[in-house]
Each structure stands twice: as C-alpha cells, then as structure tokens.
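The next block holds one structure in the form of structure tokens; read it before the comments.
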Amino acid sequence: MQWWVLTGRTLRAMIRRYELVIAVIAPLIFTVGFYLPLKFVMQLQGIDYAQFLMPIIVLQAMAFTSISAAQMSAREKITGFSSRMQTMPVYGPVPLLSRMSSGFVRSVVSLTAALVYGHAIGFRFTEGIGQAALFCGLALVFSTCLSLGADAIGSLSKSPQATSQALTLPQLILGMLSCGFVPETGFPEWIRPFVRNQPVSQFSFAMRDLAHGGVTSHTMFPVVMWSLGLLVVCAPLAYWASTRRA
Amino acid sequence: MTSTDKSLDQNELRRGRTLNFPEPNAALPENSAKALWTHSLIQARRLLVSWARDPSTAIQALLYPALTLIMFRVVLGNSISAATGQPSIYGTVPLIILVGAMFGSIASAVGLRTEKTSGLLSRFWTLPAHRASGLVGRMIAEAVRVLVTTIVIIGVGFIAGFRFNQGPVAAIGMLLLPIVFGIGFAVMVTALATVSDNLPLVEIVSIGCTLLMFFNSGFVPTMAYPVWLQPVIAAQPMSVAVEAMRGMSLGGPVLVPVLKTFAWSFGMIAVFLYPAIKGYRRAASD
Numbered sequence: 000m001q002w003w004v005l006t007g008r009t010l011r012a013m014i015r016r017y018e019l020v021i022a023v024i025a026p027l028i029f030t031v032g033f034y035l036p037l038k039f040v041m042q043l044q045g046i047d048y049a050q051f052l053m054p055i056i057v058l059q060a061m062a063f064t065s066i067s068a069a070q071m072s073a074r075e076k077i078t079g080f081s082s083r084m085q086t087m088p089v090y091g092p093v094p095l096l097s098r099m100s101s102g103f104v105r106s107v108v109s110l111t112a113a114l115v116y117g118h119a120i121g122f123r124f125t126e127g128i129g130q131a132a133l134f135c136g137l138a139l140v141f142s143t144c145l146s147l148g149a150d151a152i153g154s155l156s157k158s159p160q161a162t163s164q165a166l167t168l169p170q171l172i173l174g175m176l177s178c179g180f181v182p183e184t185g186f187p188e189w190i191r192p193f194v195r196n197q198p199v200s201q202f203s204f205a206m207r208d209l210a211h212g213g214v215t216s217h218t219m220f221p222v223v224m225w226s227l228g229l230l231v232v233c234a235p236l237a238y239w240a241s242t243r244r245a
Numbered sequence: 000m001t002s003t004d005k006s007l008d009q010n011e012l013r014r015g016r017t018l019n020f021p022e023p024n025a026a027l028p029e030n031s032a033k034a035l036w037t038h039s040l041i042q043a044r045r046l047l048v049s050w051a052r053d054p055s056t057a058i059q060a061l062l063y064p065a066l067t068l069i070m071f072r073v074v075l076g077n078s079i080s081a082a083t084g085q086p087s088i089y090g091t092v093p094l095i096i097l098v099g100a101m102f103g104s105i106a107s108a109v110g111l112r113t114e115k116t117s118g119l120l121s122r123f124w125t126l127p128a129h130r131a132s133g134l135v136g137r138m139i140a141e142a143v144r145v146l147v148t149t150i151v152i153i154g155v156g157f158i159a160g161f162r163f164n165q166g167p168v169a170a171i172g173m174l175l176l177p178i179v180f181g182i183g184f185a186v187m188v189t190a191l192a193t194v195s196d197n198l199p200l201v202e203i204v205s206i207g208c209t210l211l212m213f214f215n216s217g218f219v220p221t222m223a224y225p226v227w228l229q230p231v232i233a234a235q236p237m238s239v240a241v242e243a244m245r246g247m248s249l250g251g252p253v254l255v256p257v258l259k260t261f262a263w264s265f266g267m268i269a270v271f272l273y274p275a276i277k278g279y280r281r282a283a284s285d
C-alpha cells in the first residue's frame with residue numbers, strides 16, 4: 000500500500016518533468032544518429048546494420064533510464080524527502096522499491112519506443128515469441144541492475160547534476176567501447192580484449208542472437224553471470240544506501 | 000578605530016558631510032567607446048574566471064569533447080577510414096571542435112539564466128557601466144573559451160594522427176574559424192535563452208545539437224549518408240565549417256566552404272543579434 004502510493008507519486012513527478020518524453024526521444028536520437036550515417040560504412044563490411052545496432056540502442060536507452068534513477072534518488076535525498084520517510088512509519092526498503100518500480104515503468108516505455116524505431120529501420124525478431132520475450136527480459140534485467148547501482152550512487156551523492164555528469168562518463172565509455180556499434184575487428188588490436196569481454200558487449204551478443212539466429216547457452220552464460228554479479232553487488236548497496244541514516 | 004576618530008566622523012556627519020568614498024578617478028562617460036571596451040573586458044574576465052573555477056564547465060567544454068574525440072577515433076575510426084579511403088580523424092577533429100563550441104555555449108546560456116534569476120544581471124544594470132558591455136563581454140569570453148577548446152582538441156587530435164598538411168597560415172585559419180562559428184551560435188543561444196522564460200528553448204537546441212552531431216560531413220563523409228539526406232547534410236552549418244577545416248588541415252577546397260561558414264555565422268548574428276540585445280536587456284532590467 001505504501002509502495003503503491005509512493006510509486007504513483009514518482010510516476011506523476013516523472014510525467015510532470017517530461018522524463019517520460021525524454022525516455023521516448025533518447026532512443027530515437029541514437030537510432031537515427033547511428034543508423035543513417037553508418038549504414039553504408041557497415042554495408043561494406045557485409046553487416047545488416049539495423050539487426051546489428053538495435054541491441055546496443057536498447058542497452059543505451061536502459062543506461063539512460065538508470066541515470067535518471069540516480070537523479071531521482073539524489074533529489075529525494077537532497078530535498079530531505081528520504082529523511083522524512085525515515086521518520087514516518089514507512090517500512091525501510093519501500094522508498095527504494097517504489098523508485099525501482101517507477102523506474103521500471105520508464106524502462107518499459109523506453110524499450111517499447113526503441114523497438115518501434117527498430118522495426119521502422121528493419122530490425123526483426125525471427126526466432127519466435129519466446130526468444131523475443133527473453134530479449135526484452137534481458138534489457139530489463141540490465142536496466143534493473145544498473146538502476147540499483149545508480150540509485151545507491153544518487154543516495155550517497157550531494158547533487159543531482161554532479162551525479163548525472165559522473166554517470167555519463169562510464170555510460171559513454173562502456174557503451175562506445177563495446178561490440179554494440181561496430182564489430183570487434185573495427186577496434187585497434189590493443190583494446191579488443193577489454194571490448195570483447197565487458198558486460199555491454201556480452202549483453203549485445205546475446206540480444207543479437209535472441210533477435211536473429213538463436214541463442215546458445217554458450218552466449219547466455221556470461222550474461223547470466225554478469226547479471227547475477229551486478230545484482231549481488233548493487234542490490235545490497237542500494238538497500239544500504241537508501242536506509243542509511245544521514 | 001579609536002573613540003576620537005568615531006566622534007570626529009560623527010561631527011562630520013552632523014556637518015552634512017557623508018562617508019568618505021574615494022574620489023572617482025577612472026570614471027568614463029557611460030556610453031563612450033572606451034567604456035564599452037573597458038567594461039566588456041571586465042565582464043569577459045569575470046565570466047572566464049568563474050568558468051575556470053567551476054569544474055562542470057571544464058568538464059563540459061574540455062573533458063567531454065576530448066573523450067568523445069578519442070571514442071570516435073577508437074570505435075569508428077578504422078571502419079570509417081576503411082570505407083571512405085580517407086583518414087577519419089580529419090573529419091572528427093573539426094566536428095568535435097564545433098560540438099565543444101556549441102555545448103559550451105549552451106552551458107553558458109544556462110549560466111546566463113542563473114545570473115538572471117539570482118539578480119546579478121539586474122545588479123550590473125544599476126551600475127554606471129556601458130549598456131552593451133554585458134553582452135559584448137559575454138561574447139569575448141565565448142571566443143576565448145572556443146579558442147581554448149580548439150587548441151586542446153587539436154592537441155588530442157595530434158596524438159590520434161591529426162596533422163596540419165597545409166602550412167602555418169592554414170593552421171591559424173583553423174584556429175580562428177571556430178571562433179566565428181562559435182560567436183554566431185552563441186548569439187543565437189543567448190537570444191533563445193533570454194527571449195522566453197517558459198519555453199525550454201535551450202533544451203530543444205541541446206537535443207538538436209546532439210542530433211546534428213551525427214548528421215554532418217565530419218562524422219562520416221557526405222556520400223555515406225542516404226541519397227535523399229545528402230543535400231541537407233552538405234548544406235548544414237556544421238558541415239561547411241568541417242569542410243573548411245578539413246581543407247585547412249588535410250587539404251582540399253577552402254575558399255568556398257569558408258565563405259559558406261561566414262554566410263551561416265554572420266547570418267545567425269544578423270538574425271539573432273537584435274533579439275539577443277532585447278532579451279538581454281529584458282533579463283537585466285526586469
């Protein structure tokens with residue numbers, strides 16, 4: 000019940016702040032911004048770029064929503080909302096849970112938008128409904144892991160602006176230095192081991208196969224491990240950061 | 000201050016003499032050209048000092064552009080160079096310089112809004128300073144900032160293989176052209192930031208710039224874009240400036256793209272200068 004009230008509150012704030020509009024526009028900019036200029040360049044390497052690109056667009060959109068999650072928790076901390084909740088008979092993790100569930104709604108909106116744009120440029124699910132659902136599931140797992148971590152950082156930080164600036168940096172680096180935008184062979188030799196093994200690349204491999212070609216346990220294994228690892232680190236951290244008394 | 004001094008002051012006050020302000024010895028007529036010059040420099044210096052002390056400006060104007068340059072080079076460089084047969088760095092360096100200038104202007108326009116709401120602009124407006132010094136000083140500061148960004152980005156570009164193949168004159172031209180472009184853009188953003196309190200115009204410009212970052216001839220050459228999009232790509236202001244700078248570094252036509260860049264920049268100034276003056280005046284005197 001408390002959870003429901005708080006979730007409704009953050010969702011309304013999200014609409015008022017046009018955050019949902021941004022969640023819809025951000026993947027659009029990335030889709031057209033990378034697809035139209037690079038389609039030709041990638042065609043020369045024999046890559047169907049719509050099929051290749053969409054996983055990373057989805058993952059970037061998810062990372063964006065997690066940055067908003069950090070801003071939200073930072074704002075609640077600074078305005079004293081979090082302390083206020085702690086003085087009231089509100090069950091400890093409820094504010095965190097409500098932030099997560101409203102963030103989840105935003106992620107679903109952003110994911111849906113990204114898939115619509117993907118369809119428009121020719122991205123298709125060819126492996127049936129089960130694998131398509133798993134594609135969406137993976138995106139949301141990714142988003143939830145990052146949001147938990149981002150929420151913790153936001154709760155511990157002093158200003159929403161500084162938080163989003165600090166988080167843009169890892170997003171840019173991990174997002175760009177991945178096999179999401181260009182294949183591994185496009186990178187200089189020295190950086191390939193990092194590019195190949197980092198989580199964003201592993202997620203993009205699995206999601207690419209889920210959409211087209213069929214996934215194998217060999218591809219899924221690192222993704223599951225990364226998700227579990229992120230969850231094991233981020234969930235307790237977010238719980239601790241949000242229930243801690245300042 | 001001793002008690003005798005105090006009583007002396009009291010006596011002087013009683014005799015009708017007020018506090019002892021120093022006699023002004025550097026007063027300039029408010030609307031003289033010399034006042035414009037001096038006061039603008041003071042304003043420019045004020046802005047530059049506050050930017051230099053604010054880490055988020057440094058991040059936005061220097062660190063992010065430099066990082067983006069490295070990212071574009073490492074991630075897309077080889078693919079683009081292989082597909083087009085031309086080193087991509089000669090497009091990426093000009094592009095990132097322009098992007099740095101544009102996002103720097105946007106950050107400074109947000110700062111302008113803060114100065115308006117905090118009442119600082121109104122405070123300046125009450126001083127016997129030249130009326131244009133606020134705006135002119137801001138543009139001087141923008142020019143200096145763009146020049147610093149340009150030098151830093153070219154420095155990073157050198158690590159990634161960027162070279163001046165066209166001699167020192169072209170190199171100097173390459174340092175100056177972004178300033179012309181940057182001032183044109185800054186006048187536009189200043190006008191948009193002050194013309195309305197309610198519309199999120201600066202945010203819209205910011206989204207537009209993110210989009211333009213992908214749609215210009217510096218990201219990938221014009222011919223790589225879909226055919227229906229090519230005329231737009233080739234004509235937009237960033238592309239012509241990129242082509243001019245490509246000509247000044249790698250080689251290629253220079254005169255025509257430079258003239259087109261001037262046309263865009265001075266065009267923007269011509270269209271937005273009056274709204275910027277009006278908006279600034281309104282922001283300061285409201």
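In order, the protein sequence lines correspond to chains G and U. Letter by letter, the first sequence follows residues 0 to 245 in numbering that gives the first Met the number 0. Letter by letter, the second sequence follows residues 0 to 285 in numbering that gives the first Met the number 0. Using N, Cα and C, we set each Cβ at its ideal position, and we do this for glycine too.
Coil, strand or helix - residue 175 (chain G) by DSSP: helix
Using 8 Å as the cut-off, can you tell me whether the stretch 175-194 of chain G makes contact with the stretch 209-218 of chain G, which would need three or more C-beta pairs spanning the two stretches below that distance? no
Rounded to the nearest angstrom, what separates residue 156 (chain G) and residue 73 (chain G) at their Cα positions? 6 Å
Separation of residue 23 (chain U) from residue 1 (chain U), as counted between CA atoms: Since pLDDT at residue 1 (chain U) reaches only 46, below the 50 mark, its modelled position is unreliable, and no value is offered.
Closer than 7 Å, CB to CB, is residue 0 (chain U) near chain G or not? For residue 0 (chain U), the predicted model reports a pLDDT of 41, less than 50, meaning its position is unreliable; a value from the coordinates is still stated below. No, its Cβ sits nowhere closer than 7 Å to a Cβ of chain G.
To test your reading of the DSSP string, which unbroken alpha helix (DSSP H) runs of 4 or more residues are found completely within the stretch 37-124 of chain U? 54-57, 63-70, 77-83, 88-116, 119-124
Neighbour flag for residue 53 (chain G) against chain U, beta carbons, 7 Å: By this cut-off, residue 53 (chain G) is not an interface position.
Using the Cβ count rule (16 or more neighbours within 10 Å means buried), how would you classify residue 150 (chain G)? buried
Could you check the C-alpha separation between residue 224 (chain U) and residue 30 (chain G) for me, to the nearest Å? 14 Å
Quick one: what's got a C-beta closer than 7 Å to residue 165 (chain U)'s C-beta in the same chain, skipping five residues either side? 247, 248, 250
Interface partners of residue 164 (chain G) on chain U, CB under 7 Å: Ordered by position in chain U, the residues that pass the 7 Å Cβ test against residue 164 (chain G) are 55, 58.
Does residue 91 (chain U) pass the burial test, meaning 16 or more other C-beta atoms within 10 Å, or should it be called exposed? buried
Backbone CA spacing between residue 174 (chain G) and residue 75 (chain G) [nearest angstrom]: 28 Å
Could you list which residues in chain U have their beta carbon closer than 8 Å to that of residue 185 (chain G), in chain order? The answer, in chain order, is 74, 75, 77, 78.
Strictly under 7 Å for the Cβ-Cβ distance: is residue 97 (chain U) near chain G by that measure? no
Between residue 236 (chain G) and residue 148 (chain G), what straight-line distance do the alpha-carbon atoms span, to the nearest angstrom? Roughly 7 Å separates the two Cα atoms.
Does residue 259 (chain U) come out as helix, strand or coil in the three-state DSSP assignment? In the structure shown, residue 259 (chain U) sits in a helix (DSSP, three-state: H, G or I).
Proximal residues, the stretch 176-204 of chain G versus chain U, C-beta separation under 8 Å: 176, 180, 181, 185, 186, 187, 190
In angstroms, rounded to a whole number, what distance separates the CA positions of residue 27 (chain G) and residue 112 (chain G)? 8 Å
Residue 35 (chain U) versus U:107, U:47, U:127, residue with shortest Cα-Cα distance: Minimum Cα distance to residue 35 (chain U) is reached at U:127.
To the nearest angstrom, how far is the alpha carbon of residue 223 (chain G) from that of residue 123 (chain G)? 24 Å
In whole angstroms, what is the alpha-carbon distance linking residue 38 (chain U) and residue 185 (chain U)? 20 Å
So is residue 28 (chain G) in contact with chain U if we call contact Cβ pairs under 7 Å? yes
Quick check on the burial criterion: 16 or more other C-beta atoms within 10 angstroms. Buried or exposed for residue 289 (chain U)? The structure shown does not extend to residue 289 (chain U), since chain U is modelled only from 0 through 285, so no value can be given for it.
Which runs of the alpha helix (DSSP H) fall wholly inside the stretch 87-141 of chain G and span at least 4 residues, in chain order? 93-120
When you check each C-beta in the stretch 151-162 of chain G against every C-beta of chain U, which residues fall closer than 9 Å? 160, 161
Just mark residue 117 (chain G) as buried or exposed, buried being the case when its beta carbon has 16 or more other beta carbons within 10 Å. buried
Which of the three DSSP states, helix, strand or coil, is assigned to residue 76 (chain G)? helix
Reduced DSSP category for residue 0 (chain U) - H, G, I as helix; E, B as strand; rest coil: The predicted position of residue 0 (chain U) is uncertain, since its pLDDT is 41 and thus under 50; no value can be drawn from it.
For a minimum of 4 consecutive residues, which ranges assigned as the alpha helix (DSSP H) are wholly contained in the stretch 162-198 of chain U? 166-194
Using only the alpha-carbon positions, how far apart do residue 119 (chain G) and residue 120 (chain U) sit? 48 Å
Pick helix, strand or coil for residue 213 (chain U), following the three-state DSSP scheme. helix
For a contact defined as C-beta to C-beta under 8 Å, what are the partners of residue 218 (chain U) on chain G? 36
Distance between residue 52 (chain G) and residue 135 (chain G) (C-alpha atoms, nearest Å): 15 Å
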